[in-house]
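Let me begin by presenting the structure, written as structure tokens, before commenting on it.
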Amino acid sequence: MNMNVANIIASVIFIGIGAWFLIGTLALPTASNAADVGPRAFPLIMSISIITFSIVLLIQSILSIKKGEQKSVKFTKLMNVTVFAGLLILYAYLVPRIGYFVSTLIFFPFIILATGERSWKKVVFITIGFLAFAKLAFDMLLGVPLP
Numbered sequence: 041m042n043m044n045v046a047n048i049i050a051s052v053i054f055i056g057i058g059a060w061f062l063i064g065t066l067a068l069p070t071a072s073n074a075a076d077v078g079p080r081a082f083p084l085i086m087s088i089s090i091i092t093f094s095i096v097l098l099i100q101s102i103l104s105i106k107k108g109e110q111k112s113v114k115f116t117k118l119m120n121v122t123v124f125a126g127l128l129i130l131y132a133y134l135v136p137r138i139g140y141f142v143s144t145l146i147f148f149p150f151i152i153l154a155t156g157e158r159s160w161k162k163v164v165f166i167t168i169g170f171l172a173f174a175k176l177a178f179d180m181l182l183g184v185p186l187p
């Protein structure tokens, strides 16, 4: 597949995803006071960033086509990508049902393994470190309970 065509397809998809997130973000409540960031600040920044960078990629790809630049895309490790995507879908399904920490403890090691890491020490350390960071940052410091 041509890289420019793949980039155009991806950028259009991500513009749609960014717009979907932006619409959902605008439904969130605003900050309760001027000193508070509010629940919509981070998703608003992320959705606008996704849309902006996707538009930049779209423009770059169109300009590359006009210049006649041709690059091909090679799909490698397609099985890892498929497993990773399946794990993320299953993870998103289970978080509201069994909770964030339990589902993360179960799936995070598999997600790390799907990226190619083979050292169990690293997998355990990264999983525990990530969960500790999430607990400390969100539950304890910010007071934002995770599901």
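For the sequence shown, my numbering gives the first residue as 41, with consecutive numbering after it. Here a beta-carbon is modelled for each residue, glycine too, at the ideal position from N, C-alpha and C. These numbers were taken from a predicted model, which means no experiment stands behind them.
1) Sort LEU145, GLY156, ILE138, ILE99 by Cα distance to MET119 and report the nearest one.
2) Under 8 Å by Cβ, that's how I've got THR91 and ILE55 pegged, so tell me the actual separation to the nearest angstrom.
3) Is the beta carbon of PHE147 closer than 9 Å to that of LEU127?
4) Identify, in the order they occur along the chain, each residue of the same chain with its Cβ nearer than 6 Å to the Cβ of LEU186, setting aside the five sequence neighbours on each side.
5) Distance, Cα to Cα, GLU109 vs ILE95?
6) Quick one: residues in its chain with C-beta nearer than 8 Å to the C-beta of LEU98, no 5 flanking neighbours on either side, listed in chain order?
7) For ARG42, which residues does DSSP report across the bridge?
8) Let me know if THR122 comes out buried or exposed under the rule of 16 or more other beta-carbons within 10 Å of its beta-carbon.
9) So is ASN73 buried or exposed if we call it buried at 16+ other beta carbons inside 10 Å?
10) Does the Cβ-Cβ distance between VAL113 and MET41 come in under 9 Å?
11) For THR144, would you say it is in contact with chain C, using Cβ-to-Cβ distances shorter than 9 Å as the test?
12) If you drop the 5 nearest sequence neighbours on each side, which residues of the same chain put their C-beta closer than 6 Å to that of ILE88?
13) Since ARG137 is in the alpha helix (DSSP H), which residue starts that stretch and which ends it?
14) Comparing alpha-carbon positions, which option in ASP76, ALA75, ALA81 lies nearest LEU62?
15) Any idea what DSSP makes of THR70, helix, strand or coil?
16) Suppose the cutoff is 8 Å on Cβ atoms and the five residues either side in sequence are ignored; what does the same chain contact list for ILE4 look like?
Quick answer:
1) Position 79 of the sequence shown, counted from the start, is the residue given in the question as residue 119. That would be GLY156, whose Cα lies nearest to the Cα of MET119.
2) For this step, residue 91 is matched to residue 51 along the sequence shown. For this step, residue 55 is matched to residue 15 along the sequence shown. Checking the sequence, you will find Ile at residue 91 rather than Thr. The Cβ separation is near 6 Å, so the contact holds.
3) Taking the sequence shown and counting its residues from 1, the one referred to as residue 127 is at position 87. Taking the sequence shown and counting its residues from 1, the one referred to as residue 147 is at position 107. In terms of Cβ geometry, LEU127 and PHE147 form a close pair [threshold 9 Å].
4) Translated into positions along the sequence shown, residue 186 becomes position 146. Answer for LEU186: TYR140, PHE178, listed in chain order.
5) One-based indexing of the sequence shown puts residue 109 at position 69. One-based indexing of the sequence shown puts residue 95 at position 55. For GLU109 and ILE95, the gap between their C-alpha atoms comes out near 19 Å.
6) Within the sequence shown, residue 98 is the residue found at index 58, counting from 1. Within the same chain, LEU98 has close Cβ partners ASN47, ILE48, SER51, VAL52, ILE55.
7) The count along the sequence shown starts at 1 and reaches residue 42 at position 2. Per the sequence presented here, residue 42 reads as Asn, with Arg not at that position. As DSSP reads the structure, ASN42 sits in a beta bridge with SER112.
8) Position 82 of the sequence shown, counted from the first residue, corresponds to residue 122. By the Cβ neighbour-count rule, THR122 is exposed, with fewer than 16 other Cβ atoms within 10 Å of its own.
9) One-based indexing of the sequence shown puts residue 73 at position 33. Its Cβ having fewer than 16 others within 10 Å, ASN73 is exposed.
10) For this step, residue 113 is matched to residue 73 along the sequence shown. For this step, residue 41 is matched to residue 1 along the sequence shown. In this structure, MET41 lies closer than 9 Å to VAL113 by Cβ.
11) Given the protein chain composition of this structure (a single chain), no chain C is represented.
12) Working through the sequence shown from its first residue, we reach residue 88 at position 48. Excluding positions up to five away in sequence, the list is empty.
13) For the purposes of this step, residue 137 is taken as the residue at position 97 of the sequence shown. Start and end: 118-138.
14) In the sequence shown, the residue the question calls residue 62 occupies position 22. Among ASP76, ALA75, ALA81, the Cα nearest to that of LEU62 is on ALA81.
15) Walking along the sequence shown from the start, residue 70 turns up at place 30. THR70 falls in the coil class under three-state DSSP.
16) This structure leaves residue 4 out entirely; the chain is present only between 41 and 187.
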